[in-house]
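A.B. asks: Structure below; questions to follow.
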Amino acid sequence: MNIRLFLKGLSMRIKHIEVKNLFGIFDHIIPLYIEDRITIIYGPNGFGKTFTLMLINELFNPGYGDFFTIPFTEVAVDLEDESRLSVKKLEEDNVERLFIEYNKPGSEPETFHFENKIEKETNEPLWLRNLKESVHVSLIQTERLKKVPDEKWESIIQTIKTHSKSSKDKMELFVKIINSRFYNKQIDINDTEGIKFTITGGKTLDAKNLSSGEQQILALLYELLFIIKPDTLILIDEPELSLHVAWQQEFLRDLQDIIRLVGFDVLIATHSPQIIHDRWDLAVEFKDPRA
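Residue numbers (this note's numbering): 41 to 331.
What follows is the structure in structure tokens.
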């Protein structure tokens with residue numbers, strides 16, 4: 041294995057995802073649209089869209105134990121350097137074991153097996169830790185009618201203050217999207233207060249008093265513009281939960297503008313045709329093999 045690639049801090053992009061025998065039923069194949077950087081998965085409830093995102097996230101950001109709670113037999117991702125990382129769930133002598141394998145052309149396969157979360161975290165090999173550091177994945181789960189916690193606001197405000205002058209292009213796009221989506225409100229950014237809203241009549245409004253949907257979209261824009269690293273694969277689960285129908289129709293356009301600045305990839309799971317809107321060319325349908 042070329043450890044030097046990892047040590048340079050270079051990021052590798054994921055180009056293909058497979059999930060086999062999910063819930064004992066579904067085999068999902070997801071070719072990522074590399075050039076557009078946006079891929080959308082859709083299908084009926086119960087077909088495993090959310091669980092697919094959770095399994096991909098668990099492969100690179102373990103901590104929730106989803107490999108042990110979600111029924112599947114294999115999850116595999118193909119990377120842009122033609123290598124493949126997979127995790128298989130097998131049963132031997134009535135004991136369920138997980139096998140992680142990394143295959144790269146021209147190199148011997150790397151393998152690791154474990155029976156539980158503690159064993160995985162304790163004995164995880166160096167090659168796997170290095171690989172995870174070189175492939176950036178981030179899961180964003182939107183929550184209906186839930187306001188952003190106070191501690192999150194403090195982080196947002198401090199970051200906005202820091203970037204108010206040093207990241208002009210990102211700040212301008214942040215303000216443009218907010219002002220075009222929020223009704224009867226205008227956002228003002230400065231390095232003293234961070235974020236301030238002005239409503240009709242000139243009165244000011246604290247960001248903590250925005251609606252839950254407004255807070256969720258502001259927090260999402262903040263994450264995508266100022267926190268996410270280039271070439272990260274962002275997993276967004278049901279973004280429509282916090283978005284008005286009109287906002288849903290503009291969601292992909294806003295996302296494309298952000299991607300042009302930051303340069304990450306997105307995999308979206310949705311039920312909403314309004315999110316897909318006129319970009320069905322980016323959509324992958326989850327189907328029932330029994331139909």
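For each residue, glycine too, the CB sits at the ideal point set by N, CA and C.
(1) Is it buried or exposed for residue 77, if we count other Cβ within 10 angstroms and need 16 for buried?
(2) Which whole runs of the beta strand (DSSP E) in the stretch 60–148 are 3 residues long or more, in chain order?
(3) Just mark residue 169 as buried or exposed, buried being the case when its beta carbon has 16 or more other beta carbons within 10 Å.
(4) Nearest-angstrom Cα distance between residue 228 and residue 243?
(5) Would DSSP call residue 248 helix, strand or coil?
(6) Round the Cβ separation of residue 119 and residue 59 to the nearest angstrom and send it over; I've been treating them as touching at under 8 Å.
(7) Given residue 270, which residues of its chain have a CB within under 8 Å of its CB, disregarding the five upstream and five downstream residues?
(8) If I measure Cβ to Cβ from residue 203 and keep anything under 8 Å in the same chain, skipping five residues before and after, which residues do I get?
(9) How should residue 300 be labelled, buried or exposed, when 16 other C-beta atoms within 10 angstroms of its C-beta is the threshold for buried?
(10) Looking at the structure shown, is residue 253 part of a helix, part of a strand, or coil, going by DSSP?
(11) Ignoring anything shorter than 3 residues, give me the beta strand (DSSP E) runs that lie fully in the stretch 157–188, in order along the chain.
(12) Assign residue 97 to buried or exposed, taking buried as 16 or more other Cβ atoms, counted over all protein chains shown, within 10 Å of its Cβ.
(13) Roughly how many angstroms lie between the CA atoms of residue 272 and residue 307, to the nearest whole one?
(14) On the DSSP letters alone, give me the boundaries of the beta strand (DSSP E) that residue 230 sits inside.
(15) By the 10 Å Cβ neighbour count, where 16 or more other Cβ atoms means buried, how is residue 294 classified, buried or exposed?
(16) What separation, rounded to the nearest whole angstrom, lies between the Cα atoms of residue 327 and residue 82?
(17) Using the Cβ count rule (16 or more neighbours within 10 Å means buried), how would you classify residue 251?
(18) For residue 306, list the residues DSSP reports as bridge partners.
(19) Using only CA atoms, which one of 144, 262 and 225 lies nearest to residue 199?
(20) Mapping DSSP to helix, strand and coil, what is residue 320?
(21) Hey, how far is the Cα of residue 232 from the Cα of residue 196?
(22) Counting pairs of Cβ atoms below 8 Å between the stretch 273–285 and the stretch 306–326, do you hit three or more?
(23) Using the C-alpha atoms, what's the distance from residue 177 back to residue 43?
(24) For residue 153, collect the residues of the same chain with a Cβ closer than 8 Å to its Cβ; drop the 5 residues on either side in sequence, then sort them by chain order.
C.D. replies: This is what the structure gives:
(1) buried
(2) 66–71, 78–82, 114–119, 124–132 and 135–143
(3) exposed
(4) 13 Å
(5) helix
(6) Contact doesn't hold; Cβ gap of about 16 Å is too wide.
(7) 51, 302, 303 and 304
(8) 210, 211 and 266
(9) exposed
(10) helix
(11) 177–181
(12) buried
(13) 11 Å
(14) 225–230
(15) buried
(16) 9 Å
(17) exposed
(18) 78 and 274
(19) Ranking 144, 262 and 225 by Cα distance to residue 199 puts 262 first.
(20) helix
(21) 13 Å
(22) yes
(23) Note that residue 43 scores a pLDDT of 38, beneath 50, so its modelled location is shaky; the value from the coordinates is reported in the next line. Residue 43 and residue 177: Cα-Cα distance of roughly 20 Å.
(24) Within the same chain, residue 153 has close Cβ partners 137, 138, 139 and 140.
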